[in-house]
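Peer 1:
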Amino acid sequence: MGLFSFIKEAGEKLFGGSAAHAAETAAPTQADLDQRAGQAIEAYIATQNLGVSDVKVAFAGPEGKVTVSGTAPTQAVKEKVTLCCGNVASVTSVDNQMVVTTPEPEAQYHDVVRGDTLSAIAKKFYGDANKYPVIFEANKPMLTHPDKIYPGQKLRIPPLKQ
Numbered sequence: 001m002g003l004f005s006f007i008k009e010a011g012e013k014l015f016g017g018s019a020a021h022a023a024e025t026a027a028p029t030q031a032d033l034d035q036r037a038g039q040a041i042e043a044y045i046a047t048q049n050l051g052v053s054d055v056k057v058a059f060a061g062p063e064g065k066v067t068v069s070g071t072a073p074t075q076a077v078k079e080k081v082t083l084c085c086g087n088v089a090s091v092t093s094v095d096n097q098m099v100v101t102t103p104e105p106e107a108q109y110h111d112v113v114r115g116d117t118l119s120a121i122a123k124k125f126y127g128d129a130n131k132y133p134v135i136f137e138a139n140k141p142m143l144t145h146p147d148k149i150y151p152g153q154k155l156r157i158p159p160l161k162q
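Residue numbers (our numbering): 1 to 162.
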């Protein structure tokens, strides 16, 4: 699957902000901050109820790199974990080293730009705008509504089933 790039400023705000300011007074080390960030991403993955096990996330703050390991039941779930990790503010790349128990073909990816809709993305990849539910379903539970995508977000585009 390889290393995936993401936009650092886009995505869920899982760490930083007021918690980071409070922590600055105690002068945490970079290792402490990286550990907290990794734990926050692990917790976020757990809230998605993807059926993964033994998930471990390492975050390298200066580079913005996440390395994730564990076991995923399918390739689709492994790819959703990549998106969970990458669509987080401050993350620039994800190295997904998870093992898949039921291998299947890998999906393509699309970086959302201003003006994109799931219909337009479906037209681009599948030749049919009405196939947008395939993309929506492939990105649930991270997507909660077909109209709620944002620039900088990365979406998985699975192969169409014949």
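Positions of the beta carbon are idealized from the N, C-alpha and C atoms, including for glycine. None of the values given here were measured: they were computed from a predicted structure.
Could you pull out every residue in the same chain whose Cβ sits closer than 6 Å to the Cβ of Pro159, ignoring the five residues on either side in sequence?
Peer 2: Excluding sequence neighbours, Pro159 sits near Pro105.
Peer 1: Taking Glu59 as the reference, give the member of Ile121, Glu137, Val94 with the closest Cα.
Peer 2: For clarity, residue 59 is Phe in the given sequence; the question names Glu instead. With distances taken between Cα atoms, Phe59 lies closest to Val94.
Peer 1: Compute the beta-carbon to beta-carbon distance between Asp111 and Lys154, rounded to the nearest angstrom, for a pair I have assumed lies under 8 Å.
Peer 2: Correct: roughly 6 Å between the Cβ atoms.
Peer 1: List the residues that DSSP assigns as beta-bridge partners of Lys154.
Peer 2: DSSP, once it has assigned bridges, lists Asp111 as partnering Lys154.
Peer 1: So, under 8 Å CB-CB, Leu50 and Arg156 are touching, yes? Tell me the CB distance rounded to an integer number of Å.
Peer 2: Leu50 to Arg156, Cβ: 13 Å. No contact.
Peer 1: Which runs of the alpha helix (DSSP H), 4 residues or longer, sit entirely within the segment 21-85?
Peer 2: Segments of the alpha helix (DSSP H) lying fully in the segment 21-85: 30-47.
Peer 1: Quick check on this structure: which residue in Thr47, Gly64, Ala129 has the alpha carbon closest to the alpha carbon of Leu33?
Peer 2: Of the candidates Thr47, Gly64, Ala129, the one whose C-alpha sits nearest the C-alpha of Leu33 is Gly64.
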